[in-house]
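*Asks:* Residue numbers (the numbering used here): 1 to 395. Got a structure for you, questions after.
Written as structure tokens, this is what we have:
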């Protein structure tokens, strides 16, 4: 039994390597842009944004598919789609065709994001689930680091070679094929009533929280390079190096998440939100690149210490049959928050800013993260007290 669980963990972590595949080519966007000089910078950036948009409906569709088909078959199909959408642009010269394949890649990433977490929720519980979810975050960071840095070196050789980084998915496909059991979902058909996924008020609360949190998270992704340029702290390459520190912070915290969750229990998510406050305060006041890198480390730690708890609590807020769909909805909220962030934060920053709009964006992010910290701290304290009373009813 223990050996079987160990294999499942390896399969889950294999999927995790691909979960940030959308930004695998981020370090090479300028190189790709040089190949298409007639296109604007915004159009080149669509190579990433179009994948994010496609992930949104994909997560909902996958949630429905998991009610009928085995998660193993779904994720294997998703990984194959990932490989096709990721590698095919290496053989293309039409930007439109490349953009279409990037949309296909988004489908594969969306499948991996939902199914990896759903398997973890289904197969593990308690402190073991905390550890699995934490290590899953670390595997995401490892996959991100491998693809971004390898992609940069490949692009230096030739612009289209960067797309070969998506071949990392072959390793994930092998791990899933060998390690993940082919278990079909169980449906309650004894009553003759078709079973449907049902969300509780707690489920909707986590969906809203994830949406707001990732509006905040996206501030870092879309604004850091502009802040570094505006403050004249470094070049675009220096801004790209922040990915290394972001990934390092996330990797370390992912490994430590189980211990953090054991100590803080239901207050763990509030600790992550607090780290986000620290990250944004450091970055907004940065006077040199090192401060930006320190802020990036805290940002990676914030992601790795908030996401596991959100997914775990979402899965626990519904019955087993509904868990997959609930996780799909939360993942959808995550990607929608990322997509809509610039349309909310940038106008707000411009309206209230008396100086730098970019710095104001990070200040807004710090304030919003502080509010989320307080909300989750109060929720966590209440939840911890409730659990303590259940365990010790005579106290």
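No residue lacks a Cβ here, since even glycine has one placed at the ideal position from N, Cα and C.
Let me make sure I understand the geometry here. Which of 386, 318, 30, 66 has the alpha-carbon closest to that of residue 186?
*Replies:* Of 386, 318, 30, 66, the residue nearest in Cα terms is 66.
*Asks:* Residue 395 to residue 263, Cα distance in whole Å?
*Replies:* Any reading at residue 395 needs caution, since the residue's pLDDT is 48, under 50, leaving its predicted position unreliable; the model's value is listed next. Each residue's Cα considered, the two are about 21 Å apart.
*Asks:* Among 163, 129, 294, 56, which has the Cα closest to the Cα of residue 5?
*Replies:* When only C-alpha atoms are compared, the closest one is 129.
*Asks:* Using a threshold of 8 Å, state whether the C-beta atoms of residue 339 and residue 52 are closer than that.
*Replies:* Against a cut-off of 8 Å, the Cβ pair of residue 52 and residue 339 comes out as a contact.
*Asks:* Quick check on the burial criterion: 16 or more other C-beta atoms within 10 angstroms. Buried or exposed for residue 91?
*Replies:* Classification for residue 91: exposed.
*Asks:* What are the start and end residues of each continuous alpha helix (DSSP H) run of 4 or more residues lying completely inside the stretch 72-148, in chain order?
*Replies:* Whole alpha helix (DSSP H) segments, 4+ residues: 95-123.
*Asks:* Taking only the alpha-carbon atoms, compute the straight-line gap between residue 124 and residue 309 and give it to the nearest angstrom.
*Replies:* Approximately 14 Å, taken between the alpha carbons.
*Asks:* Where does residue 387 land, buried or exposed, given buried means 16+ other C-beta within 10 angstroms?
*Replies:* Exposed is the call here.
*Asks:* Does DSSP put residue 353 in a helix, in a strand, or in coil?
*Replies:* Coil at residue 353, not helix or strand.
*Asks:* Report, in whole angstroms, the separation of the C-beta atoms of residue 266 and residue 384, which I expect to be a contact under 8 Å.
*Replies:* Going by Cβ atoms, the distance from residue 266 to residue 384 rounds to 5 Å, so yes, they are a contact pair.
*Asks:* What residue range does the alpha helix (DSSP H) around residue 285 cover?
*Replies:* Residue 285 -> no alpha helix (DSSP H), and no H or E assigned at all.
*Asks:* Whole angstroms are fine: how far does the CA of residue 242 sit from the CA of residue 150?
*Replies:* Each residue's Cα considered, the two are about 16 Å apart.
*Asks:* Determine the direct distance from the alpha carbon of residue 122 to that of residue 155, and round the result to whole angstroms.
*Replies:* Near 40 Å, if we compare the C-alpha coordinates of residue 122 and residue 155.
*Asks:* Rounding to the nearest angstrom, what Cα-Cα distance links residue 32 and residue 183 in this structure?
*Replies:* Their Cα atoms are separated by approximately 42 Å.
*Asks:* Roughly how many whole angstroms lie between the Cα atoms of residue 257 and residue 277?
*Replies:* Rounded to the nearest angstrom, the two C-alpha atoms are 19 Å apart.
*Asks:* Compare the C-alpha of residue 43 against each of 71, 102, 55 and name the closest.
*Replies:* The shortest C-alpha separation from residue 43 is found at 102.
*Asks:* Leaving out five residues before and five after residue 207 in sequence, what residues of the same chain have Cβ atoms less than 6 Å from its Cβ?
*Replies:* These residues qualify, in order along the chain: 329, 330, 333.
*Asks:* Would you mind working out which of 68, 17, 126, 326 sits nearest residue 138, comparing C-alpha positions?
*Replies:* Among 68, 17, 126, 326, the Cα nearest to that of residue 138 is on 17.
*Asks:* Measure how close the beta-carbons of residue 176 and residue 15 come, nearest whole angstrom, since I'm counting them as under 8 Å.
*Replies:* So it is a contact: roughly 6 Å between Cβ atoms.
*Asks:* Contact check, residue 48 vs residue 163 under 8 Å by CB: the rounded distance?
*Replies:* That belief does not hold up - the Cβ atoms of residue 48 and residue 163 are roughly 13 Å apart, past 8 Å.
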